[in-house]
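Taken in order, the sequence shown gives residues 1 to 322; the numbers are from full-length UniProt numbering.
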Amino acid sequence: MTLTRPEALDLDSQALRVVQRIAELGSITAAARSLGYSQPAVSQQLKRLEARIGMPVVSRVGRGVRLTEAGRILSRYAVSVTTALDAAAGELGELAGLRSGRVRLASFPSASSTIVPTLLRELATVHPGLQLSYREAEPPEAVQFVRDQAADLAITFSYPGDPGDPHRSSARGLAVLPLWRDEMLVVLPAAHPLATRTVVDLADLAAENWIANCPRCRAHLLALAEPRGYLPRIAHETDNFVAVFGLVAAGLGVALVPTLAVAASALPPGAVARPTSGGDFRTIHLVAASGSDLIPAVAATTRAITGLDEGVWALSGVERLR
1 MTLTRPEALD
11 LDSQALRVVQ
21 RIAELGSITA
31 AARSLGYSQP
41 AVSQQLKRLE
51 ARIGMPVVSR
61 VGRGVRLTEA
71 GRILSRYAVS
81 VTTALDAAAG
91 ELGELAGLRS
101 GRVRLASFPS
111 ASSTIVPTLL
121 RELATVHPGL
131 QLSYREAEPP
141 EAVQFVRDQA
151 ADLAITFSYP
161 GDPGDPHRSS
171 ARGLAVLPLW
181 RDEMLVVLPA
191 AHPLATRTVV
201 DLADLAAENW
211 IANCPRCRAH
221 LLALAEPRGY
231 LPRIAHETDN
241 FVAVFGLVAA
251 GLGVALVPTL
261 AVAASALPPG
271 AVARPTSGGD
281 FRTIHLVAAS
291 GSDLIPAVAA
301 TTRAITGLDE
311 GVWALSGVER
321 LR
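So, in structure tokens, the structure goes:
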């Protein structure tokens, strides 16, 4: 290859996006799939880029590829460059009155039937030209989507004291905004002796069978039970809150769930939900790439999320944090 003078380089944004995805995913095929291109099309883009700069960008390693030193330099600047270009394109969209624009949102399952439909309805009314696509993911994966630029925004949650909280080191460099405090509820069979209480002390449930849900929710249950002197006896496990409520109603155990889960899936006859005496809760967050508020479509979606009326979900246990 012939080395090109730096001032003659012409680096297009799409080539930078390709290099960035190869750096993240380790293969041309995976990069092409994530960008919505064919593998040959991405290979051609790489060849044109290498011809333009006069240096190889990737080298073959087994069945995958690895970035060369030149590729690593391009990858290092790709995020800031493409974010700036997206912001510029967004400002042009702002001049056009947000008649167009696309935002990719990720969030956890119980938000899928509560927060997300409400948000989509609001945006369709206020910004009908804005397209919002949605994918479901638990917080660690959703935060990674934002970091990888596979999502523009993520609605996530965390528990107090969670050592694996994805909003700590894994969210470094991202913008994290607390949205709501979501109260935890104990779900009991209606015939349970504690079902008539206004609040339930978790210490009184040491002898119960427990129905556990998502791994992070399960870890939170263990963290709450430990200072009360017991290890919960987990009899059943399911990530499906409808199934959790059905098992409780059948008298097969008790469960600890967030209020948003009850709003998403109404309790069946035979089950009741009560707050904990300790006022246990989780926090719902909004995660975005730093600087993404300069992109009008993302900023408009952020405003719509922070302006949502949580009363729409009938969440008496949810408190606004702002």
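From the three backbone atoms N, C-alpha and C, an ideal C-beta is built for every residue, glycine too.
In this structure, does DSSP put G71 in helix, strand or coil?
helix
Suppose only complete runs of 4+ residues qualify. What are the alpha helix (DSSP H) ranges in the UniProt domain "HTH lysR-type" (11-68), listed by chain order?
13-25, 28-35 and 39-53
Cα-Cα, which of A271, R282 and R135 is closest to F245?
A271
Rounded separation between A255 and H220 - CA only:
12 Å
Whole-number beta carbon distance between P189 and A249, since they are thought to touch under 8 Å
7 Å
Here's a check: name, in chain order, each residue in its chain whose Cβ is nearer than 8 Å to the Cβ of D293, leaving out the five neighbours to either side.
A175, A299 and T302
How do the stretch 202-214 and the stretch 145-163 stand: do at least 3 beta-carbon pairs fall below 8 Å, yes or no?
no
Compute the distance between the beta-carbons of E136 and T259, then report whether it is under 8 Å.
no
Can you tell me whether E136 is helix, strand or coil according to DSSP?
strand
Using the Cβ count rule (16 or more neighbours within 10 Å means buried), how would you classify L315?
Residue placement at L315 cannot be trusted, given a pLDDT of 49 that sits under 50; the coordinates are not used to answer.
Please list, in chain order, all residues of the same chain as I22 whose beta carbon is under 6 Å from its beta carbon, the five residues on each side excluded.
A31
Give the single residue among L286, A15, T156 and V242 whose Cα lies nearest to the Cα of P269.
V242
Just the C-alpha distance for L35 and P160, rounded to the nearest angstrom, thanks.
36 Å
Give the C-beta separation of V19 and A78 to the nearest angstrom, bearing in mind that I take them to be a contact with Cβ-Cβ under 8 Å.
6 Å
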